[in-house]
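Protein chains in written order, with my numbering: chain A, 1485 to 1596; chain B, 13 to 125.
Data block below; observations after.
Next comes the structure, spelled out in structure tokens:
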């Protein structure tokens, strides 16, 4: 079956670093996405990994280990506006065509 | 360029009714995917359309259906609404299902009473 796990909630302090983990078990793995979603808004794209390793984009970095079925999103120099839900999504091509399978999301609260 | 547009933004329907939601993708994007988002379940994949053809379907009952037009605009329809269909319905557009980025619309908040 397809399964994606990530913590339900996390809290962190402004200016700190936080790591949000995501583990997955899917067939036909074809890439992993991270999205940010503020309450009442649409998810916005943060990062995409298909090869093992670290992708860095400003304050955000994402890591992937395909052999371990594991990814993390690293947020540095946290700001209050980073309080949001972070969604891990795996693209699976089982069945012939790609589809995104989402985890339930991690709600991050950044406090002063 | 314009983003993904979903209409309407909010909708209240009664059990047993049917509803049609619309999604206009980014110009040039041919793939449109639909998702249902509820607090307990997260985003659940409904279906994906590409060039007017449904290529992929999630585990939802037949009451959920969709279609895509030649201009890539897509509609989804839910018939015989149930209370449990209350959710945020999101569509995402991309160049194709193998794209490295998908852009979401603001969603339609459906409430079934």
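Glycine residues also receive a C-beta, built at the ideal position from the N, C-alpha and C atoms.
Local conformation of residue i per DSSP, three classes
i	result
residue 122 of chain B	strand
residue 25 of chain B	strand
residue 1565 of chain A	helix
residue 1535 of chain A	coil
residue 45 of chain B	strand
residue 1519 of chain A	strand
residue 89 of chain B	strand
residue 1594 of chain A	strand
residue 1560 of chain A	coil
residue 57 of chain B	strand
residue 16 of chain B	coil
residue 1548 of chain A	strand
residue 1489 of chain A	strand
residue 1509 of chain A	strand
Option in the options with minimal Cα separation from residue i
i	options	result
residue 1552 of chain A	A:1497, A:1493, A:1508	A:1508
residue 1494 of chain A	A:1586, A:1590, A:1541	A:1590
residue 31 of chain B	B:94, B:50, B:85	B:94
residue 1597 of chain A	A:1565, A:1534, A:1503	Residue 1597 of chain A falls outside the range modelled here, since chain A spans only 1485 to 1596, and no answer is possible.
residue 101 of chain B	B:14, B:55, B:16, B:64	B:55
residue 1596 of chain A	A:1584, A:1561, A:1537	A:1561
residue 52 of chain B	B:119, B:96, B:82, B:74	B:96
residue 1510 of chain A	A:1593, A:1539, A:1586	A:1586
residue 1564 of chain A	A:1492, A:1486, A:1501	A:1501
residue 72 of chain B	B:46, B:65, B:18	B:46
Residue-level contact to chain A via CB, residue i, 9 Å cutoff
i	result
residue 101 of chain B	no
residue 45 of chain B	yes
residue 118 of chain B	yes
residue 56 of chain B	yes
residue 89 of chain B	no
residue 79 of chain B	no
residue 67 of chain B	yes
residue 76 of chain B	no
Beta bridge counterpart(s) of residue i as assigned by DSSP
i	result
residue 98 of chain B	Answer by DSSP bridge pairing: none, since residue 98 of chain B is not bridged.
residue 1530 of chain A	Per DSSP, none; premise fails for residue 1530 of chain A.
residue 70 of chain B	None; residue 70 of chain B has no bridge partner.
residue 1585 of chain A	A:1574
Residue-level contact to chain B via CB, residue i, 9 Å cutoff
i	result
residue 1592 of chain A	no
residue 1525 of chain A	yes
residue 1505 of chain A	no
residue 1514 of chain A	yes
residue 1581 of chain A	yes
Amino acids of chain E, ordered along the chain, whose beta-carbon sits closer than 8 Å to that of residue i
i	result
residue 114 of chain B	The structure shown contains no chain E; its protein chains are A and B.
- Message: Under 8 Å: do the segment 19-33 of chain B and the segment 1564-1578 of chain A share three or more Cβ pairs, one atom per stretch?
- Response: no
- Task: Evaluate contact between the segment 92-106 of chain B and the segment 34-45 of chain B, counting only Cβ atoms and requiring at least three cross-stretch pairs below 8 Å.
- Result: yes
- Evaluate contact between the segment 75-85 of chain B and the segment 56-64 of chain B, counting only Cβ atoms and requiring at least three cross-stretch pairs below 8 Å. yes
- Can you find at least 3 beta carbon pairs, one from the segment 1510-1528 of chain A and one from the segment 1547-1565 of chain A, that sit closer than 8 Å? yes
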